[in-house]
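*Asks:*
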Amino acid sequence: MTASTKTLRVLVVDDHELTRCTLQLALSMQSCIGDVEVATNGKEAIAKVHKREPDVVVMDLHMPVMDGWTASNAIKTEYPHIKIVAYSAADGGKDRALSNGANIDAFCDKGACTRSLLEAIRSVA
573 MTASTKTLRV LVVDDHELTR CTLQLALSMQ SCIGDVEVAT NGKEAIAKVH
623 KREPDVVVMD LHMPVMDGWT ASNAIKTEYP HIKIVAYSAA DGGKDRALSN
673 GANIDAFCDK GACTRSLLEA IRSVA
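Whatever position you read off the sequence shown (first residue = 1), add 572 for the working numbering.
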């Protein structure tokens, strides 16, 4: 991103409060990210996408109410320009997530460092 580029709006979707809050804090400290919203499941994520239209959604795949696979497909169907980074501990990484039906632009393992997630966000933005 260049200095003249607008800052990104990011939505973090995860059912674990500590993960959501930690990611919200870490991402909000980045100069390329201007706004970080959070959601607790896929259903809430879709509602927030309708309201805020973020540039990037960081999506856990395993959640109650509505999982990340279902939510990613719903979001991409209506908003194909929104980028989705799956942030999951799902075995098999991106290839497995894609083969299981996740409509995502990038994958970051939850065991990776924060820098890896930031690189994934920047790569799709």
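Note that CB positions come from ideal geometry on N, CA and C, so glycine has one too.
These numbers come from a predicted model, not from an experiment.
1) If I measure Cβ to Cβ from S688 and keep anything under 7 Å in the same chain, skipping five residues before and after, which residues do I get?
2) When you compare each of K578, M601, V584 to T612 by their alpha carbons, which one comes out closest?
3) From the DSSP secondary-structure annotation, give me the bridge partner or partners of E691.
4) Judging by CA-CA distance, which residue of R581, V608, A643 is the nearest neighbour of A619?
5) Would you mind reading off the limits of the alpha helix (DSSP H) that contains K620?
*Replies:* Here's the rundown:
1) Excluding residues within five positions, the ones whose Cβ falls inside 7 Å are C680.
2) In terms of Cα proximity to T612, the closest of K578, M601, V584 is V584.
3) The partner list for E691 (beta bridge, DSSP) is empty, contrary to what the question assumes.
4) Here the closest residue by C-alpha is A643.
5) Its alpha helix (DSSP H) spans residues 614-624.
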